[in-house]
Amino acid sequence: MSTRPISAEDLLSIVYVGDPQISPDGNRILFSRKVIAENKYQTHLWTVDREGVTQSWTSGLESVSHGRWSPDGHAIAFLANRAKKGLQIHLLPTTGGEARAVTSLAEGAIGRFLWSPNGKYFALTYRQNLPGTTDADKKAREVGNFSEPPLEIDNIWYRLDGDGYFGNQRFQLLVIDANNGTEVMRYSGDVQGNYEFDWSPDSTKLAVIHSASARPFSNPHDERVYLLDLQAKVTELSGQPQGHKSTPKWSPDGKWIAYSGNHDPHDSWGSSNSRLYVAPSAGGEPKELTAGTDFDLGVATLSDTQDAGFGANIFWHPNSQGIYAQIGWNGSMQLGWAPLGGQFNLLTEGNHTIALGSVSHDGQSLAVTFGHPTAPAEIALLQPELVTGRWTPKLLTSFNQALLSGLDLAVPTERLFPSTDNTKVHGWVFTPPNADDHSALPAVLQVHGGPHAQYGWAFFHEMQLLAAKGFVVVLSNPRGSKGYGEGHCMAIRGAWGGKDWEDVHAVTEWMKGQSFIDPKRIGIMGGSYGGYMTNWAIGHSKDYAVAITDRCVSNMVSMSGNSDFPFNQDKYFRGVAWGTLEEIRELWQQSPIAYFEGVTTPTLVIHSEGDLRCNVEQGEQIFTALQMQNVPSRFVRYPRSTFHGMSRSGPPDLRLHRLNEMLQWLGRWIGTTS
14 MSTRPISAED
24 LLSIVYVGDP
34 QISPDGNRIL
44 FSRKVIAENK
54 YQTHLWTVDR
64 EGVTQSWTSG
74 LESVSHGRWS
84 PDGHAIAFLA
94 NRAKKGLQIH
104 LLPTTGGEAR
114 AVTSLAEGAI
124 GRFLWSPNGK
134 YFALTYRQNL
144 PGTTDADKKA
154 REVGNFSEPP
164 LEIDNIWYRL
174 DGDGYFGNQR
184 FQLLVIDANN
194 GTEVMRYSGD
204 VQGNYEFDWS
214 PDSTKLAVIH
224 SASARPFSNP
234 HDERVYLLDL
244 QAKVTELSGQ
254 PQGHKSTPKW
264 SPDGKWIAYS
274 GNHDPHDSWG
284 SSNSRLYVAP
294 SAGGEPKELT
304 AGTDFDLGVA
314 TLSDTQDAGF
324 GANIFWHPNS
334 QGIYAQIGWN
344 GSMQLGWAPL
354 GGQFNLLTEG
364 NHTIALGSVS
374 HDGQSLAVTF
384 GHPTAPAEIA
394 LLQPELVTGR
404 WTPKLLTSFN
414 QALLSGLDLA
424 VPTERLFPST
434 DNTKVHGWVF
444 TPPNADDHSA
454 LPAVLQVHGG
464 PHAQYGWAFF
474 HEMQLLAAKG
484 FVVVLSNPRG
494 SKGYGEGHCM
504 AIRGAWGGKD
514 WEDVHAVTEW
524 MKGQSFIDPK
534 RIGIMGGSYG
544 GYMTNWAIGH
554 SKDYAVAITD
564 RCVSNMVSMS
574 GNSDFPFNQD
584 KYFRGVAWGT
594 LEEIRELWQQ
604 SPIAYFEGVT
614 TPTLVIHSEG
624 DLRCNVEQGE
634 QIFTALQMQN
644 VPSRFVRYPR
654 STFHGMSRSG
664 PPDLRLHRLN
674 EMLQWLGRWI
684 GTTS
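With my numbering applied, the sequence shown corresponds to residues 14 to 687, in that order.
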């Protein structure tokens, strides 16, 4: 069969799967299947059995999400907006019949929901829409020719990228009857409305994690574990230190509550390892199950074909003797095992990404997604081999096989780039599949966002596309990246533009010395923190013939006050815009815009006007500085309806527009071979 290079439009043909949930009887996996049709994402629920036979459970133009088996397996609950009254929980019988809405909540948002083990209740987080923003309110304004109402704000927590502006509205924690939707309990103990929760095995209580602080943005991290009964009586679990906590999981025997996080109250940016702890459910000092290792539960492997997965993913074994955990390590995502009375260890190995979804009732099968650099993630069962005991995946779906079989993809080569302080920077090189072995090619250095994340062994359409267009593509995980131990990540804590730039510069020097790369045609590009480093690089070096800075950071002083997560005096960044002159100077010295006098690199600036994480003014400052110095530059601004994550989950037509803008800009300044 003949093959062809991948195209930008192939993005529209990829099938995206996620959220695998194994059935109570262990025979089927429920998962979400997302496709792009008519310039919209359509997500529906499917199942696959152990032999790979798939079945569609929902359909239509309206997407559904968060499919969950009932404890007895007789129903599937999911979220959908089928009556045009906002998201509601629906129940679909597995024996046949139509789905029905269980809840009738006022227009608003549902964060997540969880069945109680006895099947009688749902616990969920819910936030009602701002007054004046419902569909009825909008229609009334149109009839009366009234203006859109102002946003009245009394708290710094009033917006979130990808969520929008919610003003003073807050999520609350509700328990409702799973049969008729009546409210059983409502809790609003957190000033920001941020809750993570899990049911006790007897369905009488919830373990709830939220901040104990009245001013979480201003004070050090102090999340606590609380026990909440069905009468809304709350008790704080005793013996807890300050710090970050998330992902509570109650052991099946009821004796323990596990959680992830760290006990560093000043780690607001996640530079410390996210560790695994268990605490007695009756109260007492927590025990770390990842002690003696340098593993991190909070690693996100970045890709444009799957959710990055920030945050921990942990599951108790049904015998309550240990916990399965998802671990990011050296660019891969692996399965880890934490016994209550032993040493934490990895159960899998290899160049892949594994995302845990759920565990079977016998603990011997895990529902996961599984992918690697030349194949988007598919649904798989992870099971131990009888002889070696090593856990291996059994692929159950192959939705993308037809597409992949017709493509000539680049297979990345793993590299270690020498840098300062005897550091070896881990990375990958994508060479154009049909490149002439004797030609010096144009090359692009990609810098990932975060910065506390990692590139790795995942399918990345953008990288494959650049290689298909004739560019050598280089990815790396410089200091500040996750997945290489806490020291590697902490090296840039509050000191961006230091060790991270030394590593990026070292990778650039390696590229300049390769015979297959033309040293005069090297570009640099990246998004978010990757945009920060792109800006920093062209302000500190003339090595780059072209740059693309996407949803960037340019001015740490203004960024400290206009991001949805504003800076505070928490010892990560030593300063805020309203602080002392010395503090402002500290932030200014880490601002790429401070070094833009004399920049000559032709630069494409990409930004979304709806970006609440890195405000569009960050890109505006870069474009202004370039234009005022007569540097060739172009500014592509995407509308307010888009957000920081547009390149991964924005409107499909705008994602294609972005890719083509980048290809045209690179082609203009460093040319291609195809």
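Just so you know, even glycine gets a beta-carbon here, dropped at the ideal spot from N, CA and C.
Separation of residue j from residue i, as counted between CA atoms
i	j	result
residue 489	residue 386	14 Å
residue 18	residue 457	18 Å
residue 266	residue 576	43 Å
residue 425	residue 261	37 Å
residue 646	residue 569	22 Å
residue 687	residue 585	Because the pLDDT at residue 687 is just 45, under 50, the model does not fix this residue reliably, and the value given afterwards should be weighed accordingly. Near 45 Å, if we compare the C-alpha coordinates of residue 585 and residue 687.
residue 398	residue 377	10 Å
residue 448	residue 66	40 Å
residue 404	residue 151	54 Å
residue 389	residue 325	21 Å
residue 228	residue 68	48 Å
residue 432	residue 494	15 Å
residue 543	residue 287	22 Å
residue 285	residue 97	43 Å
residue 251	residue 182	30 Å
residue 679	residue 536	8 Å
residue 53	residue 352	44 Å
residue 675	residue 668	11 Å
residue 85	residue 36	9 Å
residue 357	residue 614	48 Å
residue 166	residue 179	9 Å
residue 558	residue 611	15 Å
residue 519	residue 554	12 Å
Delimiting residues of the alpha helix (DSSP H) encompassing residue i
i	result
residue 512	512–525
residue 205	That residue, residue 205, is in no alpha helix (DSSP H); it is neither H nor E in DSSP.
residue 257	Unbroken run through residue 257 is the beta strand (DSSP E), 257–263; no alpha helix (DSSP H).
residue 148	148–157
residue 549	542–553
residue 636	629–641
residue 475	474–481
residue 501	499–503
residue 670	665–683
residue 1	Any property of residue 1 remains undetermined from this structure, which presents the chain solely from 14 to 687.
residue 34	From DSSP, residue 34 is part of no alpha helix (DSSP H) but of the beta strand (DSSP E) over 29–35.
Enclosing beta strand (DSSP E) for residue i [first to last residue]
i	result
residue 112	It is not in any beta strand (DSSP E) - residue 112 carries neither H nor E in the DSSP assignment.
residue 271	269–275
residue 605	Unbroken run through residue 605: none, as it is neither H nor E.
residue 179	First-last for residue 179: undefined, no H or E at that position.
residue 487	485–489
residue 171	Premise fails: residue 171 is in no beta strand (DSSP E) and is neither H nor E.
residue 103	101–106
Cross-strand partners of residue i (DSSP beta bridge)
i	result
residue 620	650
residue 196	189
residue 224	236
residue 438	430
residue 358	350
residue 57	46
residue 345	342
residue 383	367 and 391
Distance between beta carbons of residue j and residue i, contact taken as under 8 Å
i	j	result
residue 540	residue 462	5 Å
residue 128	residue 191	7 Å
residue 105	residue 88	6 Å
residue 208	residue 221	6 Å
residue 513	residue 564	Wrong, their Cβ atoms sit about 18 Å apart, outside the cutoff.
residue 616	residue 560	4 Å
residue 233	residue 278	3 Å
residue 339	residue 367	7 Å
residue 382	residue 632	Contact flag wrong, Cβ pair sits at about 33 Å.
Residue i at chain C interface by Cβ criterion, 7 Å
i	result
residue 489	Given the protein chain composition of this structure (a single chain), no chain C is represented.
The segment 69–81 contacting the segment 412–429, beta-carbon criterion three pairs below 8 Å
The segment 69–81 is not in contact with the segment 412–429.
Would you call the segment 42–54 and the segment 76–92 touching, i.e. three or more CB-CB distances under 8 Å?
Taking 8 Å as the limit for Cβ pairs, the verdict is that the segment 76–92 does touch the segment 42–54.
Would you call the segment 326–339 and the segment 365–380 touching, i.e. three or more CB-CB distances under 8 Å?
Yes, the segment 326–339 is in contact with the segment 365–380.
The segment 496–510 / the segment 291–304 touching (three or more Cβ pairs under 8 Å)
Contact between the segment 496–510 and the segment 291–304 is absent, because fewer than three Cβ pairs lie under 8 Å.
Touching or not, the segment 119–139 and the segment 174–194, by the rule of three or more beta carbon pairs under 8 Å?
Yes: the two stretches touch, three or more of their Cβ pairs being nearer than 8 Å.
Count Cβ pairs between the segment 595–602 and the segment 645–659 that sit closer than 8 Å; are there 3 or more?
No, because fewer than three Cβ pairs between the segment 595–602 and the segment 645–659 fall closer than 8 Å, the two stretches do not touch.
Evaluate contact between the segment 149–165 and the segment 203–218, counting only Cβ atoms and requiring at least three cross-stretch pairs below 8 Å.
The segment 149–165, when compared against the segment 203–218, does not touch it at the 8 Å Cβ threshold.
With contact counted as at least three CB pairs below 8 Å, one residue from each stretch, are the segment 616–634 and the segment 656–665 in contact?
Taking 8 Å as the limit for Cβ pairs, the verdict is that the segment 656–665 does touch the segment 616–634.
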